[in-house]
Amino acid sequence: MRARLSFIIILAMLPVLAGCGKEEPRRDPAPSLDDQAKLMALQKTCADQAARAFRSADYPKKNNVINTHTNHYAGGHCFMLVNIYDTSEAGNASTFETVEDAFEGRRLGSFFVQNAGPDKAQGRVTSCEERPVGGPQKTCKSKAEWDAYKARYMDAH
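The sequence shown runs contiguously to residue 157 in our numbering.
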């Protein structure tokens, strides 16, 4: 009985003992309140600029066209994603997206797909271009490639 109790205690202690001597993963210190306030101010500036850039682009305003934009501040840059969904032509909806630098007005990539014909769910990629900063222009071939490219600018870092 006593041996069994000792065995149970040793089994219970194994996870604790197994962790001894291991280093804790290094964590970056939390940003100070001043740094957080500065980041929030930069994010607001980015949102305001993206809204101005979107309004000044004068995208089509029609009953069957939905124009939206989102912005993301990262690495000292303000990026904007513009989405245009057009159902003007019966049975031929289309989607156009661009990623832009909201301050420079530089287009970093664009994607256009038409959802027409028997393969409506998948759509036909009409054009897909990547124009990364400091890199060569590239043509993407699918929505998945475009989504991966766009995530470099629009996903949280």
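A virtual CB, placed ideally from N, CA and C, is assigned to each residue, including glycine.
Remember, it's a predicted structure, so these values are computed and weren't measured experimentally.
Taking C-beta atoms under 8 Å as the contact rule, S142 and S127 fail to qualify, at a distance of about 12 Å.
Within 10 angstroms of the beta-carbon of S94 lie 16 or more other beta-carbons, which makes it buried. Apart from sequence neighbours up to five positions away, the residues of its chain that approach R131 with a beta-carbon distance below 6 Å are L108, G109 and Q137, ordered along the chain. Using a 10 angstroms sphere on the CB of V133, the tally of other CB atoms stays under 16, which defines it as exposed. Counting C-beta atoms within 10 angstroms of its own C-beta, N71 has 16 or more neighbours from the protein chains shown and is therefore classed as buried. Within the region 74-147, the complete beta strand (DSSP E) segments at least 3 residues long are 77-86, 93-101, 107-115 and 124-130, listed from N- to C-terminus. H69 is a Cβ neighbour of F54, given a cutoff of 8 Å.
With contacts defined as CB atoms closer than 8 Å, V82 and E104 fail to qualify as a contacting pair.
Residue burial is scored here from C-beta neighbours: K150 has at least 16 other C-beta atoms within 10 angstroms and is therefore classed as buried.
Contact annotation: Q114 and R124 have beta-carbon atoms nearer than 8 Å. Here the C-alpha atom of R27 lies approximately 28 Å from the C-alpha atom of C46. A buried status is given to A102, since no fewer than 16 other beta-carbon atoms sit within 10 Å of its beta-carbon. Per the coordinates, the alpha-carbon of A144 lies some 36 Å from the alpha-carbon of A37. Counting along the chain, R52 sits inside the alpha helix (DSSP H) bounded by residues L33 to S56.
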